[in-house]
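Enquirer: Respectively, the protein sequence lines represent chains U and C. Residues in the first sequence are numbered from 1 upward in steps of one, following this note's numbering. Residues in the second sequence are numbered from 1 upward in steps of one, following this note's numbering. Where a beta carbon is used, it is the ideal one built from N, C-alpha and C, also for glycine. Small disclaimer: the values here were computed from a predicted structure and weren't measured.
Protein chains: 2
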Amino acid sequence: MGKQMTELLKGTLEGIVLALLSGRAAYGYEITAWLREQGFADIAEGTIYALLVRIEQRGLVDVEKVPSEKGPPRKVYSLNARGRADLAEFWTTWGFLAERLERLHHEGR
Amino acid sequence: MGKQMTELLKGTLEGIVLALLSGRAAYGYEITAWLREQGFADIAEGTIYALLVRIEQRGLVDVEKVPSEKGPPRKVYSLNARGRADLAEFWTTWGFLAERLERLHHEGR
DNA sequence: TACCGGTACATAGTAACACTGAATAGCGGG
DNA sequence: CCCGCTATTCAGTGTTACTATGTACCGGTA
């Protein structure tokens, strides 16, 4: 993956995962697979698991262990109230940034 | 500044500065002031100077020392060919990300 | 039985970046 | 003569994503 993408993902990736979880509960392996489908081909599993640990420790998600038919038990994450508040704040921050970049891009300033 | 903004700026700030320099040459103090005008109120001066050192060492900009009437000499940065190539790549990467986030935001997935 | 591939999670170490807080230095005005 | 504005630099810190593994459970197959 490009170095630029790596740096741009810092901060963004968490928002992406929170946004996904706002739609439906999911577990790490599933999230990784979904990201790959979305075109984020090279996001390492370890990255996602580390991110999930972080947002859990910050109290943004609720966790439930669910047995799997095909392997070790899944840790299913779902967004709670604090997570939704954090996501809303993320969209605000992102919107601010995206607006300014869009302007920069098209004005060629 | 919000922690989210701090993280979102990683990678983005460099693109912003490169975009600015693609329009006109500028020096650190001036860039900081311009960013504040654009609404990035709390970007530390030290951050910009460190960024300028980085892009200079990567050979994305040309530097010229210009005496100032009001203080120590200015280091004026201008985008060169490699910088323009890097900026183009940045816009591609940014576009990919922005598109996916826009979709996530409006589909509520 | 023994092995392998797919599922699923975890972690130690590294690199990159923005921030904090301070120091240095030139210049003009009160 | 010091204060404020201009202008740059740097050491130390925290956060994040990546690399590279390791662990573990399961079903199928030779």
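When the Cα atoms are used, what is the spatial distance from residue 109 of chain C to residue 80 of chain U?
Expert: Against the second sequence, residue 109 of chain C aligns to sequence position 109. Against the first sequence, residue 80 of chain U aligns to sequence position 80. Because the pLDDT of residue 109 of chain C is 42, which lies under 50, any placement of that residue in the model is unreliable, and the question is left without a value.
Enquirer: Provide the residue span of the alpha helix (DSSP H) that contains residue 21 of chain U, from first to last.
Expert: Here residue 21 of chain U corresponds to residue number 21 of the first sequence, with the count starting at 1. Note, residue 21 of chain U: alpha helix (DSSP H), 3-23.
Enquirer: Check whether the stretch 18-25 of chain C and the stretch 97-105 of chain C are in contact - that is, three or more C-beta pairs closer than 8 Å.
Expert: Output reads no: the stretch 97-105 of chain C does not touch the stretch 18-25 of chain C.
Enquirer: With respect to the beta strand (DSSP E) encompassing residue 62 of chain C, which residues constitute its N-terminal and C-terminal limits?
Expert: Position 62 of the second sequence, counted from the first residue, corresponds to residue 62 of chain C. It spans 61-66 - the beta strand (DSSP E) in which residue 62 of chain C sits, taken as one unbroken run.
Enquirer: Any beta carbon from chain U within less than 9 Å of residue 14 of chain C's own beta carbon?
Expert: As a first step, residue 14 of chain C is located in the second sequence; it is residue number 14 there, counting from the start. Residue 14 of chain C counts as touching chain U.
Enquirer: Using a Cβ-Cβ cutoff of 7 Å, what residues of the stretch 68-86 of chain U are near chain C? List them in chain order.
Expert: For the stretch 68-86 of chain U, which is checked against every Cβ of chain C, not one residue is closer than 7 Å.
Enquirer: Name the DSSP bridge partner or partners of residue 79 of chain C?
Expert: Translated into positions along the second sequence, residue 79 of chain C becomes position 79. Per DSSP, C:61.
Enquirer: Considering residue 43 of chain C, what are the terminal residues of the alpha helix (DSSP H) in which it resides?
Expert: Taking the first residue of the second sequence as 1, we reach residue 43 of chain C at position 43. Residue 43 of chain C -> no alpha helix (DSSP H), and no H or E assigned at all.
Enquirer: Within 10 Å of its beta-carbon, does residue 1 of chain U have 16 or more other beta-carbons around it, so buried, or fewer, so exposed?
Expert: Within the first sequence, the letter at position 1 stands for residue 1 of chain U. By the neighbour-count rule (16 or more Cβ atoms within 10 Å), residue 1 of chain U is not buried but exposed.
Enquirer: At least one CB of chain U closer than 9 Å to the CB of residue 109 of chain C: is that the case?
Expert: Here residue 109 of chain C refers to the residue found at position 109 of the second sequence. Note that residue 109 of chain C scores 42 on pLDDT, short of 50, meaning its location in the model is unreliable; the coordinates nonetheless yield the value given after this. It does; some Cβ of chain U falls within 9 Å.
Enquirer: Rounded to whole angstroms, what is the Cα-Cα separation between residue 43 of chain U and residue 9 of chain U?
Expert: What you label residue 43 of chain U is simply residue 43 of the first sequence in a count that begins at 1. What you label residue 9 of chain U is simply residue 9 of the first sequence in a count that begins at 1. Roughly 10 Å separates the two Cα atoms.
Enquirer: What span of residues does the alpha helix (DSSP H) with residue 28 of chain U cover, start to end?
Expert: Numbered from its first residue, the first sequence carries residue 28 of chain U at position 28. Where residue 28 of chain U is concerned, the enclosing alpha helix (DSSP H) stretches over 28-37.
Enquirer: Would you decide whether residue 57 of chain C is buried or exposed? Buried here means 16 or more other CB atoms lie within 10 Å of its CB.
Expert: Your numbering for residue 57 of chain C matches position 57 in the second sequence. Label assigned to residue 57 of chain C: exposed.
Enquirer: Look up residue 74 of chain C in the DSSP assignment and give the residues it is bridged to.
Expert: To locate residue 74 of chain C, count along the second sequence from 1; it is residue 74. Residue 74 of chain C pairs with C:66.
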